[in-house]
Amino acid sequence: MTRLSVFTPVRALFALMCGAVALPALAVSSCPFPIAPPGAKVEMIAPQVSANAMDTSISALTLAMPVAGVQAYYRALWTPLATPTRPGFIEKEAQGWQIISSLEGRCLTTVQIKAQGLGSYALVSVGRIQDSSQRAVAARTLEAPLPPGARVLSDTLQNDAIRQARTVVATSGAHVITNAEFYASGLRNQGWITTLRRTVPTQRGPSEMLVLKRDTSEISVVIAPAQNGQVSIVANIVDRP
């Protein structure tokens, strides 16, 4: 269970120890953060996120060493994980970020690095791949209703001390108004009350924005025309117990 997520980052600084920072194992995923490069300043960004079948925690590193140095550090760290059938790590570049990833058991670690001043900045995500039963339990904790026929593109869960949140991005072949009526009228018998409905003009045509509430839960939905006659749906549900 991008920014598609709507959660507020929970920040916690970790002290430097002996020139390197060791992060403890994550309760959320049971997968440890790798030891950061020497001199790195480490900051927790998101302690618990579940997205697309993976429980993940994310930290940020600020480093004095250049991007190439950070890449070399993680290559050396993960080279011993190589097997005859699988490399110890894989690398690629995307939108100005250098990305290096490693899989050990069900734990996937990804480091995204870019230049920052004379040094570099990196995002380290550590996640545990869920099995199907774990995904089903997580999905039931916070239901995000979608119109019939909608196809899910992304599904993100967030838990912190204040709230649970889930953001679903989907597409639909039905008209914008048809999808909007599903939320405004179709969910009424489930106890959802529409507190806001607004039409917003866009380049592709009118979109609909709705807010619904039920007890301590709130759904915010944006429904807009997309390409090829499709309609995009971004539904965010938040529960504040």
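Its first residue numbered 14, the sequence shown is counted upward by one per residue in the numbering used here. Just so it is clear, CB atoms sit at the ideal spot from N, CA and C, and this is done for glycine as well.
Asked: Same chain, Cβ closer than 6 Å to Leu131, five either side skipped, listed in chain order; Found: none
Asked: Nearest-angstrom beta carbon gap, Arg227 and Ile206 [assumed within contact, 8 Å]; Found: 7 Å
Asked: Touch test, the stretch 184 to 196 against the stretch 214 to 233, Cβ-Cβ under 8 Å, three pairs minimum; Found: yes
Asked: Local conformation of Pro45 per DSSP, three classes; Found: strand
Asked: Assumed close pair Phe46, Ser72 - CB separation to whole angstroms, cut-off 8 Å; Found: 6 Å
Asked: With 16 other Cβ atoms within 10 Å as the buried cut-off, status of Val55; Found: buried
Asked: Local conformation of Ala152 per DSSP, three classes; Found: Since pLDDT at Ala152 reaches only 46, below the 50 mark, its modelled position is unreliable, and the value read off the structure follows with that caveat. Reduced to three states, the DSSP call for Ala152 is helix.
Asked: Contact under 7 Å by Cβ, Ser233 with Arg141; Found: no
Asked: Per-residue DSSP class, three states only, for Thr215; Found: coil
Asked: Three-state class that DSSP yields for Ala40 in the structure shown; Found: The predicted model places Ala40 with a pLDDT of 34, which falls under 50 and marks its position as unreliable; any figure quoted below should be read in that light. In the structure shown, Ala40 sits in coil (DSSP, three-state: anything other than H, G, I, E or B).
Asked: Status (buried if at least 16 other CB within 10 Å, exposed otherwise) for Ala49; Found: buried
Asked: Nearest candidate by alpha-carbon position, reference Ser245, set Tyr86, Thr215, Val251 and Ser114; Found: Thr215
Asked: Beta-carbon proximity of Ala193 to Ile250, cut-off 7 Å; Found: no
Asked: Three-state class that DSSP yields for Arg201 in the structure shown; Found: helix
Asked: Helix, strand or coil at Gly130 according to DSSP, with G and I counted as helix; Found: coil
Asked: Counted within 10 angstroms of its Cβ, other Cβ atoms place Asn241 as buried (16 or more) or exposed; Found: exposed
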